[in-house]
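J.: Residues 1 to 353 (the UniProt record's numbering) make up the sequence shown, in order. Virtual Cβ for every residue (Gly too), placed ideally from N, Cα, C. Bear in mind the structure is a predicted one, so any value in this text is a computation, not a measurement.
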Amino acid sequence: MAGEEVQQQITTAIQTYREEIDRIRRELNEVESLLRQGMAEVDKLSMRETSIANRVRDLDVNLERYEKTDIKTFYTTLIEVQMRLQTMRAQVEQLQTRRETLRDRQSLIGEFVELLEAAAAQLERSAKIVDLPFDPQTMIANIIQSQESERLRISLQMHDGPAQAMSNLVLRAEICQRLLDRDLDQARAELVALKNAVNNTLQETRKFIFDLRPMTLDDLGLVPTLRRYVAQISEKHKIDLNLMIQNLDQRLPGHYEVTIFRFIQEAINNVVRHSGATQARIMLDNSDNTLHILIEDNGSGFAVQDAIASAGTRKNMGLANMRQQIEVLLQGEFGIESTIGRGTRVAATIPLP
Numbered sequence: 001m002a003g004e005e006v007q008q009q010i011t012t013a014i015q016t017y018r019e020e021i022d023r024i025r026r027e028l029n030e031v032e033s034l035l036r037q038g039m040a041e042v043d044k045l046s047m048r049e050t051s052i053a054n055r056v057r058d059l060d061v062n063l064e065r066y067e068k069t070d071i072k073t074f075y076t077t078l079i080e081v082q083m084r085l086q087t088m089r090a091q092v093e094q095l096q097t098r099r100e101t102l103r104d105r106q107s108l109i110g111e112f113v114e115l116l117e118a119a120a121a122q123l124e125r126s127a128k129i130v131d132l133p134f135d136p137q138t139m140i141a142n143i144i145q146s147q148e149s150e151r152l153r154i155s156l157q158m159h160d161g162p163a164q165a166m167s168n169l170v171l172r173a174e175i176c177q178r179l180l181d182r183d184l185d186q187a188r189a190e191l192v193a194l195k196n197a198v199n200n201t202l203q204e205t206r207k208f209i210f211d212l213r214p215m216t217l218d219d220l221g222l223v224p225t226l227r228r229y230v231a232q233i234s235e236k237h238k239i240d241l242n243l244m245i246q247n248l249d250q251r252l253p254g255h256y257e258v259t260i261f262r263f264i265q266e267a268i269n270n271v272v273r274h275s276g277a278t279q280a281r282i283m284l285d286n287s288d289n290t291l292h293i294l295i296e297d298n299g300s301g302f303a304v305q306d307a308i309a310s311a312g313t314r315k316n317m318g319l320a321n322m323r324q325q326i327e328v329l330l331q332g333e334f335g336i337e338s339t340i341g342r343g344t345r346v347a348a349t350i351p352l353p
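(1) Please identify the residue among L352, A347, G343, L330 whose C-alpha is closest to the C-alpha of L116.
(2) Please tell me whether S300 and S275 are closer than 7 Å, where the distance is taken between their beta carbons.
(3) In the DSSP assignment, what are the bridge partners of N286?
(4) For L171, does the count of other Cβ atoms within 10 angstroms reach 16, so buried, or fall short, so exposed?
(5) Starting from the C-beta of R98, find all residues in its chain whose C-beta is less than 7 Å away, skip the five residues before and the five after it, and write them out in chain order.
(6) Where does E296 fall in DSSP's three states?
(7) Give the straight-line distance between the Cα atoms of R314 and G38, rounded to the nearest whole angstrom.
(8) Look at the alpha carbon of F112 and the alpha carbon of A193, and state the distance between them as a whole number of angstroms.
(9) Going along the chain, which residues of its own chain have a beta-carbon closer than 8 Å to the beta-carbon of N62, five neighbours each way excluded?
(10) May I have the straight-line CA-CA distance separating D219 from G254, to the nearest angstrom?
(11) For P224, which option in N200, H237, L252, T205 has the closest C-alpha, if you only look at C-alpha atoms?
(12) Cα separation between G343 and A303?
(13) Decide yes or no for the touch test of the stretch 47-61 against the stretch 86-106: beta carbon pairs closer than 8 Å, at least 3 of them.
(14) By a C-beta neighbour count over all protein chains shown, 10 Å radius and 16 as the cutoff for buried, is D297 buried or exposed?
(15) Kindly indicate which residue of N270, A189, A348, H237 has the alpha-carbon position closest to the one of H292.
(16) Could you spell out where the beta strand (DSSP E) holding R65 opens and where it closes?
(17) Among N200, M322, N270, whose alpha-carbon lies nearest the alpha-carbon of A280?
(18) Measure from the alpha carbon of M322 to the alpha carbon of each residue in I295, D288, I239, then state which is nearest.
(19) Just to confirm my understanding: we take I233, look at its own chain, exclude 5 residues before and 5 after, and list those with CB closer than 8 Å. What are they?
(20) Check this for me: beta carbons of I14 and Q106, under 7 Å apart or not?
(21) Verify the contact flag: L241, CB atom, against every heavy atom of the ligand ATP, threshold strictly below 6 Å.
(22) Give the single residue among Q305, T259, D288, Q86 whose Cα lies nearest to the Cα of V328.
(23) To the nearest angstrom, report how far apart E174 and L180 are at their CA atoms.
(24) With burial defined as no fewer than 16 other Cβ atoms inside 10 Å of the residue's Cβ, what is the status of I340: buried or exposed?
(25) In whole angstroms, what separates the C-alpha of A40 from that of Q203?
(26) Compute the beta-carbon to beta-carbon distance between L59 and F74, rounded to the nearest angstrom, for a pair I have assumed lies under 8 Å.
(27) Should M83 be labelled buried (16 or more other beta-carbon atoms within 10 Å of its own) or exposed?
(28) For H237 and Q7, what's the separation of their Cα atoms in angstroms?
(29) Determine the burial state of M88: buried for a count of at least 16 other Cβ atoms within 10 Å of its Cβ, exposed for fewer.
(30) Return the CA-CA distance between I109 and Y17, expressed in angstroms with no decimal places.
(31) My assumption, with CB atoms under 8 Å, is that L352 sits in contact with N286. Please give the rounded CB distance.
(32) State the CB to CB distance for the pair E27 and L102, rounded to an integer number of angstroms; the pair is presumed to be in contact (CB under 8 Å).
(33) Beta strand (DSSP E) containing R345: first to last residue?
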C-alpha cells in the first residue's frame, strides 16, 4: 500500500514539474521575443548615435558655421540618444541573463523528471515481482536531497566562477571608459586586456555549462561526452586519466546515458577531490548486453566500512547517490573496494535494455 502511495506521489511530482517546464518554455519564448526587439532597438540607437556623433565632430571643427540653437540641439540629442542606448543595453543584458537562468532551470528540471520517471518505472516493476526491497520514502528523500545538493554546488560555482569573473569585467570596462578621455594608448592596452579577459571568462563559462549539462550528451551520446569530459578533467587537474571503452557503439536510452554519466562523473570527482591520485583508469565494457564499469585510482584510499556506515550523511552523500543511481535507477549492482595507501576501485554492473 505504501508503495502505491509513493508511486502516486511520484506521478504527481512528475506532472507538477512538467507543468513547470511548460511554464518556463512559455516564459523563454516571451524573453526571446523581448530580446530580439531590444537588440533591434540597440542597433538602431547605435547607428543614430554614430550619425549624431559625426555631426558633433563636424560641429567642433566648423563651429562658426552653426547657430547656437543648432549646437545646443545636437549636444542635447546626442546625450539623450546615449542615455537611451545605455538603458537599452542594460535591458538586453538583463534579458540575456534571464534567458540563461531559465535555460539552466529548464535543463535541471528536465533531468530531475527523467530521474523520477526512472524511479516510477522501478517501483512498478518491483511491485509486480516482490515487496519493495528498499524504503521508497527514503529513496524520494535521497533524490530530493541530491537535487538540492546539486543546486547548492551550482550556486557556489556560479558565485565563485562566472559571477565573480563578470564583476571583474565590469570594473575593467569602467577603467577603459575613464581612460578614453585621458590616455587613448593606455585605453587601447586596457581594451586588449579586457578582450582577453572576456574570452577567458567565456571559455570558463562554457566549461561550467558542460559540467552542468553537456549538450553532447543529448546530441552525440554517452561515449563522446565521456571522452571530452575525461580530457577536460585530466588537463585541468593535471592527473593522468585513461578512458577505455569497448563494445559500446550504440546509443542508450536517455535516462541510462544521463545516469551512467553522472555516476562516472561523481566517481572521477571523488578521485580528483579526495584521493590525491596521480593516475586513474575508467573502463566501460558491454558484454552480453551487460555494461561493466570500473574506475580505479592509485590514491590514498579510505576505510570502506566507515564510509558505507555514514553513506547517508551529508559528508558521504555522494557514495549514497552512486549506489542509488546503479542499484535503484538502473537495477544494477554497485561495489567499492579500497585500502588505505593503496587506492580505490569502484565497480558497477548494469543490465542494458
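T.: With the given structure in hand:
(1) Of the candidates L352, A347, G343, L330, the one whose C-alpha sits nearest the C-alpha of L116 is L330.
(2) A contact, by the Cβ cut-off of 7 Å.
(3) L291
(4) exposed
(5) V31
(6) strand
(7) Confidence at R314 is low in this model, with a pLDDT of 47, below 50, so the placement of that residue should be treated as unreliable; the coordinate-derived value is given next. Using only the alpha carbons, I get a separation of about 45 Å.
(8) Going from the Cα of F112 to the Cα of A193 covers about 41 Å.
(9) Setting aside the 5 residues that flank it on each side, N62 has no residue in the same chain whose C-beta is closer than 8 Å to its C-beta.
(10) 11 Å
(11) L252
(12) Between G343 and A303, the C-alpha separation is close to 11 Å.
(13) no
(14) buried
(15) A348
(16) No beta strand (DSSP E) contains R65, which DSSP labels as neither H nor E.
(17) N270
(18) I295
(19) Listed in chain order, the non-local C-beta contacts of I233 below 8 Å within the same chain comprise I239, L241, I268, V272, local neighbours out to five positions each way being set aside.
(20) Contact check for I14 against Q106 fails: the beta carbons are separated by 7 Å or more.
(21) Inclusion of the ligand ATP in the displayed structure is not the case, the ligand content being empty and no account of it being possible.
(22) In terms of Cα proximity to V328, the closest of Q305, T259, D288, Q86 is T259.
(23) As the crow flies, the alpha-carbon of E174 is around 10 Å from that of L180.
(24) exposed
(25) Approximately 27 Å between the Cα atoms of the pair.
(26) Taking 8 Å as the upper bound for CB-CB distance, L59 and F74 are in contact here, some 6 Å apart.
(27) exposed
(28) 42 Å
(29) buried
(30) 7 Å
(31) 7 Å
(32) 6 Å
(33) 344-351
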